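Trainee: Next up is a structure, given as structure tokens.
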Amino acid sequence: MMMSMLLHCCCGPCSMYPIKSLLEENIQLSMYWYNPNIHPEFEWNRRLENLQKVSEHYGLELITQEGFMQDYWESKKYLDEYVSRCKMCYDVRLDMVAKYASENGFDSFTTTLLVSPYQQHDVITSVANEKADKYGVRFDYYDFRPGFREGQNMAREIGLYRQKYCGCIFSLDESDFREKILKSFETM
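In structure tokens, the structure reads:
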């Protein structure tokens, strides 16, 4: 029997290599979009549109969960509960992913966050395992990082927008490409 997996997708480019790898393992895959961390809203929409292109490219179902929480991020209310915005970001998203996977009969879940050499794999893994226990669904850890550049090249080949910051308003402000990114918002 083929295993069914829910793949949390943070964006199109980061999804390319993990999807390719998982399909090569003959996993029945569904893509899941829940990223309230992506700001501003224009960027949230642009990343979702590019993920839809990936869904069409691979012929996979894309499940979308609405959510946009820029006000929450900017209020810094999360600091009452979390040690960092990154931990909160992983927690909020992976909680929703694990819950959806459990409620909809998936055998397991994983995330494309694990392809990025810029993400905190130890924190992602810890949070994902907590959520797996909470909802009674398996988290499958994959170190997709060796395929990061390949995935970026695959994204370029199909014409995906490749962003220059992780997504939240703070990472935009901290990006070395901040002015270029803001200018791109004006031209769209």
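Heads up: take any position in the sequence shown, counting from 1, add 243, and you land on this note's numbering.
C-beta atoms are modelled at their ideal positions from N, C-alpha and C, and glycine is treated no differently.
A quick note: this is a predicted structure, and the numbers were derived from the prediction, not measured.
1) List the residues that DSSP assigns as beta-bridge partners of Trp-276.
2) DSSP state of Ser-369, grouped into three classes?
3) Among residues of its own chain, excluding the 5 on either side of Leu-266, which ones have a beta-carbon nearer than 8 Å to its beta-carbon?
4) Which term fits Leu-334, buried or exposed, when burial requires 16 or more other beta carbons within 10 angstroms of its beta carbon?
5) Under the three-state reduction of DSSP, which class applies to Met-248: helix, strand or coil?
6) Using 8 Å for Cβ pairs, my map puts Pro-261 next to Thr-368. What's the rounded Cβ distance?
7) If you follow the alpha helix (DSSP H) that Phe-352 is part of, which residue opens it and which one closes it?
8) By the 10 Å Cβ neighbour count, where 16 or more other Cβ atoms means buried, how is Glu-284 classified, buried or exposed?
9) Assign Glu-286 to one of two classes, buried (16 or more other C-beta atoms within 10 Å of its C-beta) or exposed (fewer than that).
10) I need the boundaries of the alpha helix (DSSP H) containing Arg-200, first residue and last residue.
11) Name the one or two DSSP bridge partners that Gln-271 has.
12) Check each candidate in Ser-359, Thr-353, Cys-329, Met-331 and name the one with the smallest Cα separation from Trp-276.
13) Using the Cβ count rule (16 or more neighbours within 10 Å means buried), how would you classify Tyr-343?
14) Please state the DSSP three-state secondary structure of Arg-405.
15) Is the distance from the Cβ of Ser-359 to the Cβ of Cys-257 below 8 Å?
Mentor: Looking at the atomic coordinates:
1) Numbered from 1 along the sequence shown, position 33 holds the residue referred to as residue 276. Thr-307, per the DSSP bridge assignment.
2) Counting from 1 along the sequence shown, the entry for residue 369 is found at position 126. Helix at Ser-369.
3) On the sequence shown, position 23 is the one that residue 266 refers to. Contacts found: Leu-272, Tyr-301.
4) Here residue 334 corresponds to residue number 91 of the sequence shown, with the count starting at 1. A quick correction: the sequence has Asp, not Leu, at residue 334. Buried, because 16 or more other Cβ atoms sit within 10 Å of the Cβ of Asp-334.
5) Taking the sequence shown and counting its residues from 1, one reaches residue 248 at position 5. The answer is strand: DSSP assigns Met-248 an E or B state.
6) One-based indexing of the sequence shown puts residue 261 at position 18. One-based indexing of the sequence shown puts residue 368 at position 125. Between Thr-368 and Pro-261 the Cβ distance is about 15 Å, and since that is not below 8 Å, they are no contact.
7) Here residue 352 refers to the residue found at position 109 of the sequence shown. Run containing Phe-352: none in the alpha helix (DSSP H); it sits in the beta strand (DSSP E), 351 to 354.
8) Along the sequence shown, read from residue 1 onward, the residue named residue 284 stands at position 41. Under this definition Glu-284 is an exposed residue.
9) Numbered from 1 along the sequence shown, position 43 holds the residue referred to as residue 286. Looking at its Cβ environment, which holds 16 or more other Cβ atoms inside 10 Å, Glu-286 is buried.
10) With the chain covering 244 to 431 only, the question about residue 200 has no answer from this structure.
11) Translated into the one-based positions of the sequence shown, residue 271 becomes position 28. Ser-247, per the DSSP bridge assignment.
12) To locate residue 276, count along the sequence shown from 1; it is residue 33. The candidate whose alpha carbon is nearest that of Trp-276 is Thr-353.
13) Locating residue 343 in the sequence shown gives position 100, counting from the first residue. Buried: at least 16 other Cβ atoms inside 10 Å.
14) Mapped onto the sequence shown, residue 405 falls at position 162. Residue state, collapsed to three classes: coil.
15) Residue mapping note: residue 359 aligns to position 116 of the sequence shown, counting from 1. Residue mapping note: residue 257 aligns to position 14 of the sequence shown, counting from 1. Cβ atoms of Ser-359 and Cys-257: closer than 8 Å.
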